[in-house]
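From first to last, the protein sequence lines are chains A and B.
Numbering-wise (this note's numbering), the first sequence opens with residue 18 and increments by one.
Numbering-wise (this note's numbering), the second sequence opens with residue 18 and increments by one.
C-beta: ideal position from N, C-alpha, C; glycine also.
A short worksheet on the structure shown next.
Protein chains: 2
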Amino acid sequence: MDRTVGLLGGGQLGQMLCEAANPLGVKVVILDAENSPAKQVNAKASHITGSFTDPEKIRELARQCDILTVEIEHVDTHVLEEIAEEGIEIQSADGKTTRKKVQVQPNWKTLRTIQDKFLQKEHLAKHGVETAVSQAVESDKSGLERVGKELGFPFMLKARKDAYDGRGNFPVMSAQDIPDALEALKGRGLYAEKWASFKMELAVMVVKTSDNTLAYPAVETIHQDSICKLVYCPPRGISTHLQEKAQDLARKAVGSMWGNGVFGVELFVMENDTIILNEIAPRPHNSGHYTIEACPTMSQYKSQLLSILDIMPSFPGNKIPSLSPATVMLNILGGASKTSHNALVQSAVATPSAALHMYGKESKPARKIGHITLVAQTMAEAEKAMNPMIALADEMRMERLPAAQRIAAKATSMAKSASKAELQPLVAVTMGSDSDLPVLKPGLALLETLGVPYFVTITSAHRTPARMTDFAANAAANGFKVIIAAAGGAAHLPGMIAASTALPVIGVPVKGSTLDGMDSLLSIVQMPRGVPVATVAINNSINAALLAARILGSYDVELRQKLERYAKDMESEVLGKAEKLEGAGWEKY
Amino acid sequence: MDRTVGLLGGGQLGQMLCEAANPLGVKVVILDAENSPAKQVNAKASHITGSFTDPEKIRELARQCDILTVEIEHVDTHVLEEIAEEGIEIQSADGKTTRKKVQVQPNWKTLRTIQDKFLQKEHLAKHGVETAVSQAVESDKSGLERVGKELGFPFMLKARKDAYDGRGNFPVMSAQDIPDALEALKGRGLYAEKWASFKMELAVMVVKTSDNTLAYPAVETIHQDSICKLVYCPPRGISTHLQEKAQDLARKAVGSMWGNGVFGVELFVMENDTIILNEIAPRPHNSGHYTIEACPTMSQYKSQLLSILDIMPSFPGNKIPSLSPATVMLNILGGASKTSHNALVQSAVATPSAALHMYGKESKPARKIGHITLVAQTMAEAEKAMNPMIALADEMRMERLPAAQRIAAKATSMAKSASKAELQPLVAVTMGSDSDLPVLKPGLALLETLGVPYFVTITSAHRTPARMTDFAANAAANGFKVIIAAAGGAAHLPGMIAASTALPVIGVPVKGSTLDGMDSLLSIVQMPRGVPVATVAINNSINAALLAARILGSYDVELRQKLERYAKDMESEVLGKAEKLEGAGWEKY
């Protein structure tokens with residue numbers, strides 16, 4: 018903790034790094050312009066004024082530090098190589114010149130490999146990490162026509178270096194776009210990438226230590242105008258199995274790099290549910306801002322510090338958990354005027370579950386000047402609270418966009434919001450046959466009333482055994498917390514589902530045409546030791562729904578209060594009837 | 018957000034206030050010594066060097082600000098009164114002298130009332146807030162002897178002003194202590210307080226806005242050597258009803274004050290479960306540090322800023338919730354040497370669920386130089402992770418204490434740790450009669466195996482109906498998440514319990530001497546609509562235990578993984594038997 022960290026770059030990532038370093042007692046010396054965001058929150062050191070691309074300034078920084086790190090990868094890796102490998106000349110008190118050892122974390126080789134996106138992709142491919150197919154190109158018309166033939170149109174033409182927030186990418190839809198693409202990326206080293214038709218973008222923050230890699234949860238990222246707009250943790254509507262695959266791939270990719278630090282890994286989920294890597298950032302990342310609130314004892318910034326200081330603790334399963342069940346992050350981009358963001362800022366301050374982070378930067382159109390992180394018990398709640406702020410951000414964007422772009426944007430945004438509004442269902446309701454549905458209806462209606470999001474389907478133990486097992490085995494991964502299963506006769510469904518999941522399963526015995534439901538009841542309740550089914554009364558889907566709600570309510574105070582009100586209402590109803598009966602007498606009642 | 022806040026005092030409370038203000042974009046100007054903790058993290062303003070008790074410096078600060086606030090109540094309230102009531106003289110650009118309005122928050126009347134503890138107690142008594150009985154005293158032997166007769170020995174002799182962390186309090190055990198007490202508190206205004214024999218100390222942070230008060234959760238505070246040592250949220254082993262009573266009393270007390278801001282309210286829970294107020298601090302408080310991690314979008318520091326800026330949002334039920342189910346805060350006090358705390362700091366950094374806050378203060382024996390906040394899913398987990406750090410803090414204390422005190426301390430600390438080690442039980446297991454225990458034993462053994470903390474008792478629906486209802490009605494407040502109830506015959510217990518709680522209730526039908534358990538089964542499972550019981554098979558306590566574990570596992574990944582392993586083990590067992598049967602043939606098997 019007594020080693021000094023030198024930081025190349027003092028933007029918002031450096032600022033949040035300092036916010037993590039201050040309470041840890043770690044001294045950070047910053048190289049960047051006067052009054053840069055990081056310097057505004059760190060008066061613990063004399064910082065260096067200058068550019069993080071200036072070799073002489075980097076050497077000056079190295080003289081004051083034990084470890085150098087970066088908040089941006091577009092740095093001069095040759096100076097860093099020189100410092101890491103040969104040390105830095107310092108004058109000792111007696112005027113002699115000696116060389117001091119200074120670490121560079123992550124290693125300069127990592128920075129050099131990553132800052133050239135084509136080198137990065139080649140490196141990853143060599144290490145067995147799936148990425149979009151890329152190839153080097155000759156920067157002329159015939160070269161790009163050849164690429165179009167080989168990769169097919171559309172393809173992405175990308176600058177190898179200094180590309181971020183979409184700057185440096187050009188989508189080549191057809192051969193006709195080639196001259197524009199060459200003009201837009203003139204003078205830069207280029208490569209081409211096969212068009213990746215993904216259904217979702219994910220990101221995973223990975224911490225690399227000297228002998229391990231640790232993954233934060235996978236998050237869903239939403240980009241707009243080639244800039245990250247929103248981050249959802251967990252991702253909406255993809256299985257935990259896929260999320261874990263994303264974490265594994267991200268860890269594998271980062272594990273192939275050199276040195277310690279935190280890495281932002283962007284990935285694509287393809288239509289067939291395979292996951293490929295898009296690109297890596299060797300530093301804290303926009304998609305990891307949410308960790309400040311969601312992982313309040315181990316944000317990505319604290320991880321960067323602890324990993325470069327080589328004192329990162331271990332985590333079970335190499336996964337850093339989120340304390341917040343559902344988190345949404347919204348970037349604040351500068352609007353058309355310097356005050357356009359005021360309404361959004363006020364809305365964030367007025368939202369109790371939202372944390373506002375303003376970076377202390379001058380507002381410019383589309384510049385990242387802050388972000389908002391919102392935490393909640395469920396994603397449904399988080400989305401509900403964040404949506405008004407997203408609407409304000411969208412308004413700012415409309416104001417900012419040139420008119421031509423604006424019309425197209427409006428159409429897309431409307432289409433998107435129409436297809437959204439789906440909440441993560443927490444209760445899965447299934448039945449052996451659609452003839453059981455009438456019995457389930459009162460319970461489903463009650464789940465509606467209680468505002469518990471649910472999903473209804475049919476899985477027959479006897480007619481669709483494979484589907485049933487699949488359904489049960491993936492239920493937890495799909496985000497369900499409880500399963501309700503109804504069946505009649507030789508009612509095997511609830512027990513068979515319980516046999517393929519570790520979630521609580523509630524069984525509703527459905528009364529058939531013979532035996533008054535006793536057959537169903539005993540088939541459901543008399544499970545062997547080891548496989549419990551929470552059985553409710555025959556045909557009593559209301560109690561199944563209430564039980565599901567009680568289970569969720571064990572961890573959701575608001576829902577438990579709803580249930581208490583429900584009980585109070587029942588009590589009043591009966592008390593009312595009692596009063597009526599006592600008043601009217603039993604004959605008239 | 019564009020108003021400037023002037024802060025009297027730049028210690029750790031001011032530092033954490035600045036850490037909250039920076040991302041909100043609120044400018045804070047600090048009056049305190051050069052390089053004080055708050056100034057170390059705030060380079061956004063030119064601060065003022067000087068003492069927060071110097072009237073001229075306070076006026077200088079007021080000239081630069083729109084709102085003045087404090088991180089300490091021992092300030093000159095007469096200057097603040099003058100500034101708040103008359104404004105402050107400033108020179109306008111054309112050289113003219115005008116008066117600028119500057120708000121003081123909380124109001125100077127609040128500061129003046131609170132900084133004199135006897136005035137504070139009189140004020141609270143006048144507003145119907147229960148406190149320890151206090152009386153003004155004459156500071157001589159005969160005066161104190163009179164007090165001893167009236168209040169009884171022991172009583173507390175307290176300085177009216179400038180008392181904190183136990184400094185200014187003297188326990189007068191008998192008349193013999195009077196000369197020492199007078200010597201210790203010589204020259205200060207004094208009052209006497211009846212000895213409060215409390216069983217627990219609580220604290221509640223309250224936010225006062227211009228038309229409301231909001232309460233953070235009640236926390237348990239543990240003091241040692243008259244300094245706050247530990248904070249537990251929620252408090253261990255007291256009902257949520259009592260916690261709410263504490264919040265209500267704290268809100269009532271703060272509601273009687275003037276102006277806006279955040280207040281730390283210390284309370285005593287007496288042996289008879291009444292709650293009385295100990296004292297109030299008109300500022301962020303040590304007992305509210307935990308909110309930085311536990312309420313990551315609304316810490317006590319953010320609340321102070323939003324309330325004094327009069328933009329505090331509202332919360333349902335006027336309660337600010339904790340995102341963390343269980344939180345423990347441990348203060349780091351300086352040790353015998355400047356490096357004594359290194360082991361504790363290292364332990365905090367090595368604990369993934371712990372956040373370290375070092376204040377950038379020079380270490381002196383018993384000085385508050387930092388704190389550690391630990392978050393977890395259960396208090397059992399939180400205590401388990403924090404206990405090694407408490408042990409390190411205890412070691413530091415042993416080293417720091419003079420030898421005489423040390424021996425006494427050791428005895429107390431051993432007695433305490435022996436009586437601890439109890440975890441918060443999550444499953445309540447109850448039965449109608451002890452004759453049901455043999456049926457429950459396999460289930461209880463399984464809860465042990467799975468590491469699920471539980472509590473076992475007997476509550477008969479027919480023989481102890483009041484006890485049963487009490488038990489059920491308080492179960493959620495007592496921290497239980499699931500109830501298992503076993504009964505036989507006319508088995509009313511599970512259903513009656515379900516009628517008095519909103520927690521999920523699992524019913525185990527116990528087989529009696531007649532009817533093969535069918536009587537119990539139907540009495541338990543055939544509940545009316547509205548009151549569900551999760552019924553398992555007759556005598557199958559194993560499944561009841563597993564079901565309870567699945568319910569907890571819905572929100573506890575580690576437990577779910579244990580259950581998945583349990584299922585795998587069952588599978589292997591059966592597969593093993595199948596192999597044996599296939600190999601040996603059914604005759605030999």
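Exercise for the section: Answer with buried or exposed for Ser436(B), where buried requires no fewer than 16 other C-beta atoms within 10 angstroms of its C-beta. Expected result: Note that Ser436(B) has pLDDT 35, beneath the 50 cutoff, so the model's placement of it is unreliable and no number is given.
Handout entry: Check whether Ala489(B) and Thr531(B) have beta carbons under 8 Å apart
Key = no
Problem - Proximity to Arg480(A) [Cα-Cα], best of Met513(A), Leu464(A), Leu461(A) and Glu599(A) - result: Met513(A)
Exercise for the section: Please check if any C-beta of chain B sits within less than 8 Å of the C-beta of Arg384(A). Expected result: no
Problem - Separation of Leu467(A) from Val574(A), as counted between CA atoms - result: 13 Å
Handout entry: Identity of the residue in Glu106(A), Pro54(A) and Gln81(A) nearest Glu88(A) by Cα
Key = Pro54(A)
Exercise for the section: With hydrogens ignored, establish whether the beta-carbon of Lys246(B) is closer than 7 Å to any heavy atom of the ligand SAM. Expected result: As presented, the structure is devoid of all ligands, the ligand SAM included, so that no description of it is given.
Exercise for the section: Could you tell me which chain A residues have their CB closer than 8 Å to the CB of Met544(B), listed as they occur along the chain? Expected result: Val553, Ala554, Asn557 and Asn560
Problem - Coil, strand or helix - Cys35(B) by DSSP - result: helix
Exercise for the section: Check the Cβ of Gly377(A) against every Cβ in chain B and list those closer than 8 Å, keeping chain order. Expected result: Asn39, Gly42 and Lys61
Practice task
Give the straight-line distance between the Cα atoms of Arg484(A) and Thr447(A), rounded to the nearest whole angstrom.
Solution key: 12 Å
Problem - Chain-ordered neighbours of Thr226(A) on chain B, where CB pairs are closer than 8 Å - result: Neighbours of Thr226(A) on chain B: none; closest Cβ ~13 Å, over 8 Å.
Handout entry: Burial state of Thr552(A) (16 or more Cβ within 10 Å)
Key = buried
Practice task
To the nearest angstrom, report how far apart Ala584(A) and Pro313(A) are at their CA atoms.
Solution key: 37 Å
Problem - 6 Å Cβ shell around Asn303(B) - same chain, five flanking residues per side excluded - result: Cys245
Exercise for the section: Give the straight-line distance between the Cα atoms of Arg20(A) and Phe280(A), rounded to the nearest whole angstrom. Expected result: 22 Å
Practice task
Identify each residue in the region 20 to 31 of chain B for which the Cβ-Cβ distance to at least one residue of chain A is less than 7 Å, and report them in chain order.
Solution key: none
Problem - Nearest-angstrom Cα separation, counted from Met413(B) out to Leu141(A) - result: 50 Å
Exercise for the section: At 7 Å on the CB atoms, spell out the chain B contacts of His374(A), in chain order. Expected result: Pro40
Handout entry: Per-residue contacts from Met587(B) into chain A (C-beta, under 7 Å)
Key = Gly547
Problem - Reduced DSSP category for Gly534(B) - H, G, I as helix; E, B as strand; rest coil - result: helix
Handout entry: Secondary structure of Pro40(A), DSSP reduced to three states
Key = helix
Problem - Where Leu128(A) falls: helix, strand or coil (DSSP) - result: helix
Handout entry: 8 Å Cβ cutoff, Gly570(B) in contact with chain A
Key = yes
Handout entry: Minimum Cβ-Cβ distance from Ala519(B) to chain A less than 8 Å
Key = yes
Problem - Alpha-carbon to alpha-carbon, Lys61(B) and Arg76(B) - result: 21 Å
Practice task
Indicate whether the contact test is met: 3 or more Cβ pairs, each with one atom in the region 226 to 233 of chain A and one in the region 193 to 205 of chain A, closer than 8 Å.
Solution key: no
Exercise for the section: Could you tell me if Gly600(A) is buried or exposed, where buried requires 16 or more neighbouring beta carbons within 10 angstroms of its beta carbon? Expected result: exposed
Exercise for the section: For Ser370(A), go through chain B and note every residue whose CB falls closer than 7 Å to its CB, in chain order. Expected result: Thr314
Exercise for the section: Quick one: residues in its chain with C-beta nearer than 6 Å to the C-beta of Phe472(B), no 5 flanking neighbours on either side, listed in chain order? Expected result: Pro442 and Ala445
Practice task
May I ask you to report which of helix, strand or coil DSSP gives Asp111(A)?
Solution key: coil
Exercise for the section: Tell me whether Asp451(B) sits in a helix, a strand or coil according to DSSP, three-state version. Expected result: helix
Exercise for the section: Determine the burial state of Arg582(A): buried for a count of at least 16 other Cβ atoms within 10 Å of its Cβ, exposed for fewer. Expected result: exposed
Handout entry: For Gln120(A), the three-state DSSP class (helix, strand or coil)
Key = strand
Exercise for the section: Starting from Phe332(B), find everything on chain A with Cβ-Cβ shorter than 9 Å and list it in chain order. Expected result: Pro369
Problem - Residue from Leu391(A), Tyr208(A), Ala408(A) and Ile386(A) whose Cα sits closest to the Cα of Leu174(A) - result: Tyr208(A)
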